[in-house]
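To start, the structure itself, in structure tokens.
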Amino acid sequence: MAAYILKREGLGMQKALKKYFALFALPGLICFAIAFFIPMIMGLILSFCKFTDVTNATWIGLENYKYVFLNGEFTNALWFTVKFTIVSVVSINIIAFSLAILLTRNVPGTNVYRTIFFMPNLIGGIVLGWIWQIILNGFLLKYQVTLVTDPKYGFWGLVILMNWQNVGYMMIIYIAGLINIPKELIEAAEIDGANRRDTLFHVTIPSIMPSITICSFLTLTNGFKLFDQNLALTNGGPGKTTEMLALNIFNTFYGRVGFEGVGQAKAVVFTIIVAILALTQLHFTRKKEVEA
Amino acid sequence: MSTVGRKKSTTIIISIILIALTIVFLAPIFVVLYNSFKLKFFINDRPFALPFKTEMYAGWMNYDTGINKIHFFKAFGYSLFITVFSVIAISVVTSMLAWYLTRVKSKFTSITFSLLMFSMIVPFQMVMFTMSKTANILHLDNPIGIIILYVGFGCGLATFLFSGFIKSVPIALEEAAMIDGATPVSTFFQIVLPMLKPTAITVAILNTMWVWNDYLLPYLTIGNDYKTIPVAIQYLRGGYGSVDMGAMMAMLVLAMIPVIIFYLICQKFIISGVVAGAVKG
């Protein structure tokens, strides 16, 4: 009986709330439709068209997609992005994890260090790109080269910049994970005669697997979608050799007239890649939750 | 060596490593800071030399040039206006939307929710072109119209965070209020919204950082007439790759000052908010 009343009341609230659809839900949904949903559908359709504006499209089927894969530009950018992402995911996570270990050992001033290491994360990508352009060019000056002399300088420049920006952020997530490991677990391992290395690899790292998953995927998607830093640091130069996917798509759209359809097709492929990465992450985090 | 002694020496070694890293982390900012007082010719030539009391010292000249070149204070005003009102709009509009979508159970609400979640995954490049054209047709290409676009792009993550919290609160409280005759409006503002405060802080922090630093959206929609700080800074590059490095250094410093002040004031909220957003998102 009580359950029946509760259920009816819940429905009563739903009914009352539904009358206020226009006030509660509509403003958000209109903004969402204008900014995202309608442009997304239009974009999907336009990727099969030739156009220079949204009003003058003609259907050309898969031509844009053919161009994307036959012209090497996109695959070059994809390859550069993949290399960059792998190197930065590994380096950021190793450095961030090591910092987190150092900062959970009751060293004086821990909070100050945390504050400082995290700070670069708040500075915007454009500003970051220019800061590192001046620093790295300053170092390269000795060798009479600049960031855009050879793609390898731009590549490593981007990796350094990305580390500087993201290490503090990931460190904070690792610290949160490390603090939650029960002390008894580590003590028990030590009593059993485990040395530091054993404790690290057999107790600490397995206990913070959820943090490792989160940080790996965050750095992975951050790396894949990188745009501002790429634009400000090298702008893709020399030539298009350090152009990552997002910047390549931008330049395809706005660099020359007549390639808007190709740009849109590239954007669709890019979206599919990022969506696959995100769904893989979801799969992993869900699995972890079940195990826990 | 005793255990205490060993612990002490480890602490010292770790401290030395951490201090060295602190220098590495802060050095780039200081290099930019003192280069902003250097004559532009010497910035490319001797980037690491201190300018003070030498022939390289430029005084406030770079700041003067930079401020006049990109109308820095105007850009600051646009950035501030757009950020403040977008963040307020996102927090209010999406908390209401999230409450509706969580409490009303229907096919429509669950499809809408999935679409919002999907929008978090989709990279901006997918909608970049069509969105800026749509904004243009609807005359949203001004500092007020862009707020609508930010609400649209921001509502995925914000709705996700808000509804995650709402789901964890028992519905009984809201129902009791409604049975006592409260309208959904007063129930929301008197009961639901006060409970959402911690989540609202997270949402506000994450969106402040995003909107303030965002480059592409303002560049594509309002970049010609209203330059926000990131757009104005990139604009210094000019057409043919010639950059006034002196003005650039000065403007980078001015761009960082508000961020650092904001960080030092709200540090606790920023770190916990960013982590909450990352872990749940």
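Protein chains in written order, with this note's numbering: chain A, 1 to 292; chain B, 1001 to 1281. Just so you know, even glycine gets a beta-carbon here, dropped at the ideal spot from N, CA and C. Keep in mind that this is a model prediction, so the values were computed, not measured.
> Listed from N- to C-terminal order along the chain, which residues in the region 1151-1162 of chain B have their beta-carbon within a distance smaller than 7 Å of any beta-carbon of chain A?
Replying inline: Under the 7 Å Cβ criterion, the region 1151-1162 of chain B contributes V1151, G1152, F1153 and C1155.
> Does DSSP put T58/A in a helix, in a strand, or in coil?
Replying inline: Residue numbering aside, residue 58/A sits at position 58 when the first sequence is read from its first letter. Under the three-state reduction of DSSP output, T58/A falls in the strand class.
> Are any of the Cβ atoms in chain A nearer than 8 Å to that of R1103/B?
Replying inline: Position 103 of the second sequence holds residue 1103/B. At a cut-off of 8 Å between beta-carbon atoms, R1103/B makes contact with chain A.
>> Is F259/A near the ligand SAM - that is, is its Cβ less than 7 Å away from at least one heavy atom of it?
In response: Because no ligand of any kind appears in the structure shown, any question about the ligand SAM cannot be addressed here.
>> D1214/B and T1065/B - do their beta-carbons sit closer together than 8 Å?
In response: Here the question's residue 1065/B lines up with position 65 in the second sequence. Here the question's residue 1214/B lines up with position 214 in the second sequence. Going by C-beta atoms, T1065/B is not nearer than 8 Å to D1214/B.
> Nearest-angstrom Cα distance between M42/A and M1128/B?
Replying inline: By one-based count along the first sequence, residue 42/A stands at place 42. By one-based count along the second sequence, residue 1128/B stands at place 128. Just so you know, the alpha carbons of M42/A and M1128/B end up roughly 11 Å apart.
> Quick one: is P1218/B buried, meaning 16 or more other Cβ sit within 10 Å of its Cβ, or exposed?
Replying inline: As a working note, residue 1218/B is residue 218 in the second sequence. So P1218/B ends up on the buried side.
> Straight-line CA distance for T1202/B to D1045/B?
Replying inline: Translated into positions along the second sequence, residue 1202/B becomes position 202. Translated into positions along the second sequence, residue 1045/B becomes position 45. Looking at the two C-alpha atoms, the distance is approximately 44 Å.
> From this set, F1269/B, A1177/B, N1068/B and I1147/B, which residue's C-alpha is nearest I1090/B's C-alpha?
Replying inline: Taking the first residue of the second sequence as 1, we reach residue 1090/B at position 90. In terms of CA proximity to I1090/B, I1147/B leads the group F1269/B, A1177/B, N1068/B and I1147/B.
>> My output table needs one value for Y1057/B: the three-state DSSP class, helix, strand or coil.
In response: The count along the second sequence starts at 1 and reaches residue 1057/B at position 57. Residue state, collapsed to three classes: strand.
> Who pairs with K1038/B in a beta bridge, going by DSSP?
Replying inline: Mapped onto the second sequence, residue 1038/B falls at position 38. Bridge pairing for K1038/B: Y1057/B [DSSP].
>> Is Y1063/B close to chain A? Criterion is C-beta to C-beta, closer than 8 Å.
In response: Taking the first residue of the second sequence as 1, we reach residue 1063/B at position 63. Interface flag for Y1063/B against chain A is unset, since no Cβ pair is found closer than 8 Å.
>> Residues in the same chain with beta-carbon distance under 7 Å from P151/A, minus the five sequence neighbours each way, listed in chain order, please.
In response: Taking the first residue of the first sequence as position 1, residue 151/A is located at position 151. If we look at P151/A and ignore the five residues flanking it on each side, its Cβ neighbours are P238, T241 and T242.
>> Would you say L1138/B lies against chain A (beta-carbon separation less than 8 Å)?
In response: Here the question's residue 1138/B lines up with position 138 in the second sequence. At least one beta carbon of chain A lies nearer than 8 Å to the beta carbon of L1138/B.
>> Check for me: the alpha helix (DSSP H) holding S1186/B runs from which residue to which?
In response: In the second sequence, the residue the question calls residue 1186/B occupies position 186. From DSSP, the alpha helix (DSSP H) with S1186/B extends over P1184 to T1187.
> Assuming F1070/B and M1256/B make a contact with CB atoms under 8 Å, what is their CB distance in whole Å?
Replying inline: For this step, residue 1070/B is matched to residue 70 along the second sequence. For this step, residue 1256/B is matched to residue 256 along the second sequence. Looking at the sequence provided, one finds Ile at residue 1070/B rather than Phe. Going by Cβ atoms, the distance from I1070/B to M1256/B rounds to 15 Å, so no, they are not a contact pair.
> Taking just the CA atoms, how far does L11/A sit from M1/A?
Replying inline: Taking the first sequence and counting its residues from 1, one reaches residue 1/A at position 1. Taking the first sequence and counting its residues from 1, one reaches residue 11/A at position 11. Because M1/A sits at a pLDDT of 43, beneath the cut-off of 50, its placement in the model cannot be relied upon, and the following sentence gives the value as read from the coordinates. Cα-Cα distance, rounded: 15 Å.
> Helix, strand or coil: which one does DSSP assign to K50/A?
Replying inline: Here the question's residue 50/A lines up with position 50 in the first sequence. Strand.
> For F281/A, which residues of its own chain have a beta-carbon under 6 Å away from its beta-carbon, when the five flanking residues on both sides are left out?
Replying inline: Against the first sequence, residue 281/A aligns to sequence position 281. Here residue 281/A is Gln; the residue named in the question, Phe, does not match the sequence. Taken in chain order, the residues that qualify are F217.
> Any contact of the region 39-53 of chain A with the region 1115-1127 of chain B, i.e. 3+ C-beta pairs under 8 Å?
Replying inline: They touch, by the three-pair rule.
> Would you report the Cα separation of V167/A and G154/A, rounded to the nearest angstrom?
Replying inline: In the first sequence, residue 167/A corresponds to position 167, counting from 1. In the first sequence, residue 154/A corresponds to position 154, counting from 1. Cα atoms of V167/A and G154/A: separation of roughly 19 Å, rounded to the nearest angstrom.
> Got a sec? Which residues, its chain only, sit under 6 Å from S91/A by beta carbon, not counting five neighbours each side?
Replying inline: As a working note, residue 91/A is residue 91 in the first sequence. In chain order, N163 place their CB closer than 6 Å to the CB of S91/A, counting only its own chain and leaving out the 5 sequence neighbours on each side.
> Just the Cα atoms here: how many angstroms apart are V203/A and R1006/B?
Replying inline: Along the first sequence, read from residue 1 onward, the residue named residue 203/A stands at position 203. Along the second sequence, read from residue 1 onward, the residue named residue 1006/B stands at position 6. So the two alpha carbons sit approximately 23 Å from each other.
> For M1001/B, does the count of other Cβ atoms within 10 angstroms reach 16, so buried, or fall short, so exposed?
Replying inline: As a position in the second sequence, residue 1001/B is number 1, starting the count at 1. Its pLDDT being 49, under 50, M1001/B is placed unreliably in this model, and the coordinates cannot settle the point.
> Would you say T1187/B and F1162/B are within 8 Å of each other, going by their C-beta atoms?
Replying inline: By one-based count along the second sequence, residue 1187/B stands at place 187. By one-based count along the second sequence, residue 1162/B stands at place 162. The answer is no: Cβ separation not under 8 Å.
> Would you say Y20/A reaches chain B, if we count a Cβ-Cβ gap shorter than 8 Å as a contact?
Replying inline: Counting from one through the first sequence, the residue named residue 20/A turns up at place 20. Judged by the 8 Å Cβ criterion, Y20/A is in contact with chain B.
>> Spatial neighbours of A1276/B within its chain, please: C-beta separation below 7 Å, excluding the five flanking residues on both sides.
In response: Your numbering for residue 1276/B matches position 276 in the second sequence. Only T1202 meet the Cβ criterion.
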